[in-house]
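Chemist: Residue numbers (the numbering used here), protein chains in the order written: chain A, 15 to 141; chain B, 15 to 141. All residues carry an ideal CB built from backbone N, CA and C; glycine is no exception. What follows is a structure written as structure tokens; I'll ask about it next.
Protein chains: 2
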Amino acid sequence: MTLSGPFQPTEVELQILRVLWELGPSPVRDVHARLNAAKGTNYSTTVKMLSVMREKGLVRRDESDSPHIYRAAVTRESAGKRLVKDLVDKVYDGAAMSLVLHALRSARATPDELAEVRRMLDEMDGQ
Amino acid sequence: MTLSGPFQPTEVELQILRVLWELGPSPVRDVHARLNAAKGTNYSTTVKMLSVMREKGLVRRDESDSPHIYRAAVTRESAGKRLVKDLVDKVYDGAAMSLVLHALRSARATPDELAEVRRMLDEMDGQ
DNA sequence: TTGACTTAGCGAAAGTCTTCGCTAGGATGA
DNA sequence: TCATCCTAGCGAAGACTTTCGCTAAGTCAA
Chain A
15 MTLSGPFQPT EVELQILRVL WELGPSPVRD VHARLNAAKG TNYSTTVKML
65 SVMREKGLVR RDESDSPHIY RAAVTRESAG KRLVKDLVDK VYDGAAMSLV
115 LHALRSARAT PDELAEVRRM LDEMDGQ
Chain B
15 MTLSGPFQPT EVELQILRVL WELGPSPVRD VHARLNAAKG TNYSTTVKML
65 SVMREKGLVR RDESDSPHIY RAAVTRESAG KRLVKDLVDK VYDGAAMSLV
115 LHALRSARAT PDELAEVRRM LDEMDGQ
């Protein structure tokens, strides 16, 4: 499996990535605090998951400091992009617009956000 | 687990649902033909998966005809809706608009589809 | 009836994901 | 030094998903 391979993060892995995306580079302790709060995860489990994720290339760690510091090796954008593509393929048979409409329908968007979507539409029209 | 419970179809289950959404109510044979073509699945496996899905309430079957006829018990829309919500929660922390933008970016939309998105935006503005 | 073929189902194996017990090293303060 | 606490890791258990071998019932034609 190459580094840029089709690594779909699993459920818990995604949960951990989210914590790292939000907190930025963090020691196990901080990641664990979140997981434990969310679902009573054991410290060992958090360590193990991070180690599994490291093998998969989903996170990296800096060992120069004593409590090692973990950081996400994939951005929220790239993970999201892949998951969206996957969802579109798996459920909508490639019809991304169906998903857009569903998502819009379920979104409670601010005027600013709506404006941005419009901007994007205009761009797409232009081409 | 209630009937309307949070049943996230698994990978293969989704694959089967897609076949049923596309073909409509079908005997195992037809579902299997697709799975087998896609990934060499054994007939027994298809039968088993359908039976598992039946227990989970993801498909129903009509036994009045001799080859039993299976049909999806969830619509593409409802499954999609749930998966979108899930994705939004898990990756975008509830910011559905981020997903919309991602999906738009990866979509190759027809003018008609773009128009529909606009219509939808107008509606949302109105409220 | 017999043989060939299709359909159905069970149970267990294989695979993957998640969890945690147990062990141990390193740091800190008494 | 010793006890305590924090950090790290391994390996195995447990849970869930997916696969398939084997069995058997039903259909149909020779």
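Does the CB of residue 79 of chain A have a neighbour CB from chain B at under 8 angstroms?
Modeler: If you number the first sequence from 1, residue 79 of chain A lands on position 65. Not one chain B Cβ lies under 8 angstroms of residue 79 of chain A.
Chemist: On the DSSP bridge assignment, give the partners of residue 41 of chain B in chain order.
Modeler: The sequence position of residue 41 of chain B within the second sequence is 27, counting from 1. Paired residue(s): B:83.
Chemist: Given this structure, state the Cα-to-Cα distance separating residue 42 of chain B from residue 102 of chain A, to the nearest angstrom.
Modeler: Taking the first residue of the second sequence as position 1, residue 42 of chain B is located at position 28. Taking the first residue of the first sequence as position 1, residue 102 of chain A is located at position 88. Taking the straight line joining both Cα atoms gives about 25 angstroms.
Chemist: Whose C-beta lies closer than 6 angstroms to the C-beta of residue 39 of chain B among residues of the same chain, with five residues either side of it excluded?
Modeler: Position 25 of the second sequence, counting from 1, holds the residue named residue 39 of chain B. If we look at residue 39 of chain B and ignore the five residues flanking it on each side, its Cβ neighbours are 83 and 85.
Chemist: Can you give the beta carbon distance from residue 29 of chain B to residue 49 of chain B, rounded, assuming they're within the 8 angstroms contact cut?
Modeler: Here residue 29 of chain B corresponds to residue number 15 of the second sequence, with the count starting at 1. Here residue 49 of chain B corresponds to residue number 35 of the second sequence, with the count starting at 1. So it is a contact: roughly 7 angstroms between Cβ atoms.
Chemist: In the DSSP assignment, the beta strand (DSSP E) including residue 122 of chain A goes from what residue to what residue?
Modeler: The residue you call residue 122 of chain A lines up with position 108 of the first sequence. Segment: none, residue 122 of chain A is in no beta strand (DSSP E) and carries neither H nor E.
Chemist: If we ignore side chains and look at the alpha-carbon of each, how far apart do residue 15 of chain A and residue 54 of chain B end up?
Modeler: As a first step, residue 15 of chain A must be located in the first sequence, where it is residue number 1. As a first step, residue 54 of chain B must be located in the second sequence, where it is residue number 40. Because residue 15 of chain A sits at a pLDDT of 39, beneath the cut-off of 50, its placement in the model cannot be relied upon, and the following sentence gives the value as read from the coordinates. Computed Cα separation, rounded: 22 angstroms.
Chemist: Give the residues of chain A in contact with residue 120 of chain B, contact being defined as C-beta atoms less than 8 angstroms apart.
Modeler: By one-based count along the second sequence, residue 120 of chain B stands at place 106. Within 8 angstroms Cβ-Cβ: 95, 98, 99, 102 and 110.
Chemist: Would a check of beta-carbon distances place residue 44 of chain A closer than 8 angstroms to chain B?
Modeler: Mapped onto the first sequence, residue 44 of chain A falls at position 30. No, residue 44 of chain A does not count as interfacial toward chain B.
Chemist: What does the alpha-carbon distance come out to for the pair residue 96 of chain A and residue 87 of chain B?
Modeler: Position 82 of the first sequence, counted from the start, is the residue given in the question as residue 96 of chain A. Position 73 of the second sequence, counted from the start, is the residue given in the question as residue 87 of chain B. In a straight line, the C-alpha of residue 96 of chain A is about 28 angstroms away from that of residue 87 of chain B.
Chemist: Can you pull the DSSP bridge partners for residue 75 of chain B?
Modeler: Position 61 of the second sequence, counted from the first residue, corresponds to residue 75 of chain B. Residue 75 of chain B pairs with B:84.
Chemist: Under 8 angstroms between the Cβ atoms of residue 131 of chain A and residue 111 of chain B?
Modeler: Position 117 of the first sequence, counting from 1, holds the residue named residue 131 of chain A. Position 97 of the second sequence, counting from 1, holds the residue named residue 111 of chain B. Going by C-beta atoms, residue 131 of chain A is nearer than 8 angstroms to residue 111 of chain B.
Chemist: Hey, does residue 87 of chain B have any beta-carbon neighbour from chain A nearer than 8 angstroms?
Modeler: Sequence index remark: in the second sequence, residue 87 of chain B carries index 73 (1-based). Cβ-Cβ to chain A under 8 angstroms: no for residue 87 of chain B.
Chemist: For a test of the three-state rule: what should DSSP assign to residue 107 of chain A, helix, strand or coil?
Modeler: Your numbering for residue 107 of chain A matches position 93 in the first sequence. If DSSP states are grouped into helix, strand and coil, residue 107 of chain A belongs with coil.
Chemist: Answer with yes or no whether the minimum CB distance from residue 123 of chain A to chain B is below 8 angstroms.
Modeler: The residue labelled residue 123 of chain A in the question sits at position 109 within the first sequence. Residue 123 of chain A counts as touching chain B.
Chemist: Excluding the five sequence neighbours on either side, which residues of its own chain have a C-beta within less than 6 angstroms of the C-beta of residue 1 of chain B, listed in chain order?
Modeler: One cannot answer for residue 1 of chain B here, as it falls past the ends of chain B, which runs 15 to 141.
Chemist: Determine the DSSP secondary structure at residue 29 of chain B, reduced to helix, strand or coil.
Modeler: Here residue 29 of chain B refers to the residue found at position 15 when the second sequence is read from its first residue. DSSP places residue 29 of chain B in helix when its eight states are reduced to three.
Chemist: Nearest-angstrom Cα distance between residue 135 of chain B and residue 81 of chain A?
Modeler: Numbered from its first residue, the second sequence carries residue 135 of chain B at position 121. Numbered from its first residue, the first sequence carries residue 81 of chain A at position 67. Cα-Cα distance, rounded: 48 angstroms.
Chemist: Got a sec? Which residues, its chain only, sit under 7 angstroms from residue 90 of chain B by beta carbon, not counting five neighbours each side?
Modeler: Along the second sequence, read from residue 1 onward, the residue named residue 90 of chain B stands at position 76. Cβ neighbours of residue 90 of chain B beyond the five flanking positions: 35.
Chemist: Label residue 122 of chain B either buried or exposed according to how many other C-beta atoms from any shown protein chain fall within 10 Å of its C-beta, with 16 as the threshold for buried.
Modeler: Along the second sequence, read from residue 1 onward, the residue named residue 122 of chain B stands at position 108. So residue 122 of chain B counts as exposed.
Chemist: Quick one: which chain B residues come within Cβ less than 8 angstroms of residue 138 of chain A?
Modeler: Along the first sequence, read from residue 1 onward, the residue named residue 138 of chain A stands at position 124. Result: 118, 123 and 128.
Chemist: Taking the alpha-carbon of residue 92 of chain B as reference, which of A:116, A:98 and A:92 has the nearest alpha-carbon?
Modeler: In the second sequence, counting from the first residue as 1, residue 92 of chain B sits at position 78. When each option's Cα is compared against that of residue 92 of chain B, the closest is A:116.
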